[in-house]
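Heads up, the sequence shown is in our numbering, so the first residue is 281 and it goes up one at a time.
All C-beta atoms, glycine included, are put in the ideal place defined by N, C-alpha and C.
All figures in this text were calculated on a predicted structure; none of them were measured in a lab.
Everything below concerns the one structure shown next.
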Amino acid sequence: MGNGGKNSIGKNVFHLFYSTAFSSGLNALTLILLAHYLESHSYGMLSVALAFALIMGYFTDAGISVGVLREGSKKGIHLSAVISSYIKIRVVLLGITFAAGFFLIQLLYQNQPDLVKIMYCLIFPMVTGLAMQSISITYFQLVEEMQHLGMIRICSAVLLVVSISLGMLFSLQPNVVCFLYGCSYLLAGMGGIYLMSKRVVICFKSVFHKELLKNILSFIISGLLIVILPQLGPIILEKTLTLQQVGFFAVAYRIPSALYQIPGILAGAFYPALFKSYNNKGMTEHLQLHMVQIKLMGLTGMAMTIPLYYMPEMIIGSLFGEKWMFAASALRVLSFLLVLQSINVALADGLTTKDLQSRRTIVQAAAVAGGVGFYIFLSGQYGIEGAAFAGVSVEILSLAGFWLLNPARKTLAIKVLFPYLGSFAVLFSVFTYFAPARPVLAAALHLFCLFVILAADSELTQKLTGMTRKKHSAAEREVKNETSS
281 MGNGGKNSIG
291 KNVFHLFYST
301 AFSSGLNALT
311 LILLAHYLES
321 HSYGMLSVAL
331 AFALIMGYFT
341 DAGISVGVLR
351 EGSKKGIHLS
361 AVISSYIKIR
371 VVLLGITFAA
381 GFFLIQLLYQ
391 NQPDLVKIMY
401 CLIFPMVTGL
411 AMQSISITYF
421 QLVEEMQHLG
431 MIRICSAVLL
441 VVSISLGMLF
451 SLQPNVVCFL
461 YGCSYLLAGM
471 GGIYLMSKRV
481 VICFKSVFHK
491 ELLKNILSFI
501 ISGLLIVILP
511 QLGPIILEKT
521 LTLQQVGFFA
531 VAYRIPSALY
541 QIPGILAGAF
551 YPALFKSYNN
561 KGMTEHLQLH
571 MVQIKLMGLT
581 GMAMTIPLYY
591 MPEMIIGSLF
601 GEKWMFAASA
611 LRVLSFLLVL
621 QSINVALADG
631 LTTKDLQSRR
641 TIVQAAAVAG
651 GVGFYIFLSG
661 QYGIEGAAFA
671 GVSVEILSLA
681 GFWLLNPARK
691 TLAIKVLFPY
701 LGSFAVLFSV
711 FTYFAPARPV
721 LAAALHLFCL
731 FVILAADSEL
741 TQKLTGMTRK
751 KHSAAEREVK
761 NETSS
């Protein structure tokens, strides 16, 4: 069995867009429900447990999925053997991850039995479910049928909302709610494996496909750094702040984290195009496309940063209630994560698509090392606000690294980074100074100025117009070909 229903790129982008938007919305709803149900102390414990679960979830993959996509896309390959070998590796990694993870939990949190209980209740079903989801998602990526990938994501998010709602309805204890939280991932993972098993034969007696392990070390290091970076906050802050303060920080941090999915979709759309541009058309064409990506992702991040910065109290109060208002000041600072992360991911993709992955890994490693120091020092000195500044400092460090290690750094600075980030900073200073008592007006004016900047950039508008025309022409040709056939 194979990839009989391979989709076009346009269809796959569409499936990724709606599934990401819908599942992200439901995940955000879950966070809101949990914040209303749990006290800040319990929410802090949940945040620490989630951070551990996501890192352990990565170790059950350790970059092997990249090898599956590489090997499975080769001509003449026996897909069943590749997937069967992949599952064997994941089962072994799952066992090793649980043994190492639970040992580390006992070592670090032996004096906090309530936290350990919540971690066990959440981690066992969630990490197992994440591993199962990852296996099926990798398969559907390989055969380019993103509608099934989208179905798995949406199913997981729906089950998450249902499980948390049931926990609230029956007034269950926090550890039971955490168990239900993890079980939603497990059930979605089982559904994903079932869907995959209907498409490909899984035979554990087949010969192991050794090529899956080729160059695995570089993928492990890079992937691990990507996973660890956003989880640094809750893990380190548990040692420098109270769990109640960790809960407040987590509420503030998860809002920009959830919203980042939107510019992330843009990154996914540009990623393969940048590879093709560099391989087929050379450095000049790649640089032009890369600058379009940075501008679009930067403007998207800026547009989402603006309401979070000017109206944090309004957003926290309306979403989570008055008891979480202490998180508003942290949200104002963390709002800058959206613009910084959007530009950083675009800059990092520029390195990877020019075969400079090692430079990306160096910057990520420096960001993780710097992040540990930032979180320890700033949170210890200034509490939650210091932790928020630490998160922003990590992204500023990453921005500097990705830019300095890019061979086209001078062009990027002159044409993109300085004019866009400079105008953004100036506008923030002006509106913060002149309209401090009118946050809604300030946000509206700032958003209008962003629209003016977009319209005034003739190179960007011409490039976007050209890309739109190309897509329209390609769609017309596809319709004509289907009609003639």
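Asked: Beta carbon of Ser-436 nearer than 8 angstroms to that of Leu-460; Found: no
Asked: Contact between the segment 477-493 and the segment 293-306 (3+ Cβ pairs under 8 angstroms); Found: no
Asked: Expected contact under 8 angstroms - CB spacing of Leu-440 and Asn-307 to nearest Å; Found: 7 angstroms
Asked: Enclosing alpha helix (DSSP H) for Cys-483 [first to last residue]; Found: Note, Cys-483: premise wrong, no alpha helix (DSSP H); not H, not E.
Asked: As assigned by DSSP and simplified to three states, the class of Glu-424; Found: coil
Asked: Which listed residue (Leu-318, Ile-473, Pro-536 and Val-526) has its alpha carbon closest to that of Glu-665; Found: Val-526
Asked: For Lys-575, the first and last residue of its enclosing alpha helix (DSSP H); Found: 563-590
Asked: Element boundaries [alpha helix (DSSP H), containing Met-605]; Found: Met-605 -> no alpha helix (DSSP H), and no H or E assigned at all.
Asked: Simplified DSSP assignment, three categories, for Gln-392; Found: coil
Asked: Segment contact, 8 angstroms Cβ cut-off, at least three pairs: the segment 570-588 with the segment 526-545; Found: yes
Asked: Own chain, CB closer than 6 angstroms to Gly-263, minus 5 neighbours either side, in chain order; Found: Given that the chain is displayed from residue 281 to residue 765, the structure contains no residue 263 and the question cannot be resolved.
Asked: Length of the line joining the Cα atoms of Lys-354 and Val-423; Found: 12 angstroms
Asked: Whether Ala-532 touches Leu-611 by CB criterion (8 angstroms); Found: yes
Asked: N- and C-terminal bounds of the alpha helix (DSSP H) containing Glu-665; Found: 637-684
Asked: Boundaries of the alpha helix (DSSP H) in which Ala-331 is found, first to last residue; Found: 320-339
Asked: Pairwise C-alpha distance: Leu-452 and Ile-344; Found: 38 angstroms
Asked: Pair within 8 angstroms by beta-carbon distance, Met-591 and Val-720; Found: yes
Asked: Contiguous beta strand (DSSP E) assignments of at least 3 residues, all confined to the segment 499-528; Found: none
Asked: Beta-carbon contacts of Val-371 that lie in its chain and below 8 angstroms, excluding the five residues immediately before and after; Found: none
Asked: Glu-518 versus Ser-638, Thr-633 and Val-396, residue with shortest Cα-Cα distance; Found: Val-396
Asked: Member of Ile-417, Ala-736, Glu-491 and Thr-564 whose CA lies at the smallest distance from the CA of Lys-634; Found: Thr-564
Asked: Counted within 10 angstroms of its Cβ, other Cβ atoms place Met-336 as buried (16 or more) or exposed; Found: buried
Asked: Buried/exposed call for Lys-561, threshold 16 Cβ in 10 Å; Found: exposed
Asked: Inter-stretch contact (C-beta, 8 angstroms, three-pair minimum) for the segment 621-638 and the segment 570-577; Found: yes
Asked: Whether Ala-329 touches Ile-403 by CB criterion (8 angstroms); Found: yes
Asked: Inter-residue Cα distance where the pair is Leu-521 and Lys-556; Found: 47 angstroms
Asked: C-alpha distance - Tyr-775 paired with Gly-447, whole-angstrom precision; Found: Lying outside 281 to 765, the shown extent of the chain, residue 775 is not represented and no answer is given.
Asked: DSSP three-state assignment for Asp-629, whether helix, strand or coil; Found: helix
Asked: Range of the contiguous alpha helix (DSSP H) that encloses Phe-698; Found: 698-714
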